[in-house]
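Numbering (our numbering), first residue to last: 4 to 281.
We put the CB at the ideal spot given by N, CA and C, even for glycine.
One structure is given below, encoded as structure tokens.
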């Protein structure tokens with residue numbers, strides 16, 4: 004059907020959602036709506052459960068999951084602040100740095116590098132201080148740059164392992180809590196000699212399922228955040244490696260040209276000295 008047949012009302016084209024809206028905000032909102040519906044459930048005359056009571060009904064595993072959620076949120080916030088403070092330079096800026104890396108424009112290169120190189124100053128500082136002195140070999144600079152780059156990447160990876168553990172452990176903990184809850188339900192069912200009230204059985208089952216739901220709600224955002232941070236680290240590591248290789252290669256070519264020029268000037272000087280002596 005065309006737009007007129009549909010009454011002229013068509014949904015606007017979906018825009019590309021933000022990454023954290025998909026994997027953090029929406030699951031958290033869904034979890035809130037679920038617990039809100041639970042807190043407002045119940046027949047008239049029955050007390051409605053609030054969120055703390057819902058968590059308590061989940062059993063002891065729910066306390067562990069709640070602690071994991073607090074730690075996971077703290078790590079995510081910490082890493083977001085960390086990466087926002089150390090914005091890496093763009094590809095075009097790296098190209099500009101590589102173009103300016105020469106003896107004639109080294110002062111411009113050094114000034115631009117110190118002003119706008121983001122969190123790369125410490126990594127490439129030996130290369131800046133070495134300039135084009137022949138006494139410092141590229142091999143020595145490569146070893147030092149590798150050491151500083153490794154230390155920087157380890158700083159980026161700080162606290163990511165606990166985040167990965169939380170994303171992997173919380174679904175299993177939630178499932179474990181559900182298994183314990185179902186065992187308790189069936190133990191009560193076995194002990195009941197008369198007809199079992201279906202509402203009591205259903206209540207025990209949904210209470211047991213709370214831990215699985217809560218574990219998944221924790222695992223989805225933490226797993227997505229871990230993947231996001233891993234991708235950011237890989238991107239920055241590739242930038243560091245690419246820029247370092249380009250600058251070292253260009254420095255080697257420049258040193259070779261300077262060495263050839265020095266040899267040529269020395270040969271010319273020797274020729275002049277011989278001519279003067281003769």
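| Check | Outcome |
| --- | --- |
| Reference residue 235; option with closest CA among 89, 182, 200, 184 | 89 |
| Where residue 254 falls, given that 16 or more other Cβ within 10 Å makes a residue buried | buried |
| Distance CB(residue 74)-CB(residue 174) smaller than 8 Å | no |
| Unbroken stretches of the alpha helix (DSSP H), 4 residues or longer, contained in the segment 141 to 205 | 141 to 159, 163 to 194 |
| Residue 237 versus residue 148: straight-line alpha-carbon distance, rounded | 17 Å |
| Beta-carbon proximity list for residue 82, same chain, < 6 Å, skipping 5 on both sides | 232 |
| Cβ-Cβ separation, residue 61 to residue 282 (assumed contact under 8 Å), whole Å | Not covered by the structure: residue 282. The range shown for the chain is 4 to 281. |
| Cβ neighbours of residue 256 in the same chain (closer than 6 Å, five flanking residues each side left out) | none |
| Residue nearest to residue 124 in terms of C-alpha spacing, selected from 158, 188, 92 | 92 |
| Segment contact, 8 Å Cβ cut-off, at least three pairs: the segment 200 to 220 with the segment 139 to 153 | no |
| CA-to-CA distance, residue 159 to residue 100, given in whole angstroms | 24 Å |
| Neighbour-count burial assignment, residue 79, 16 or more Cβ in a 10 Å radius | buried |
| Through-space distance from residue 185 to residue 216, alpha-carbon basis | 14 Å |
| Under the three-state DSSP convention, the category residue 50 falls into | For residue 50, the predicted model reports a pLDDT of 46, less than 50, meaning its position is unreliable; a value from the coordinates is still stated below. Reduced to three states, the DSSP call for residue 50 is coil. |
| Alpha-carbon to alpha-carbon, residue 56 and residue 118 | 54 Å |
| Residue 242 versus residue 94: straight-line alpha-carbon distance, rounded | 8 Å |
| Opening and closing residue of the alpha helix (DSSP H) in which residue 105 lies | Here residue 105 belongs to no alpha helix (DSSP H), and DSSP marks it neither H nor E. |
| For residue 229 and residue 167, believed in contact at Cβ under 8 Å, the rounded distance | 5 Å |
| Cβ-based neighbour list, residue 155, same chain, cut-off 6 Å, excluding 5 preceding and 5 following | 126 |
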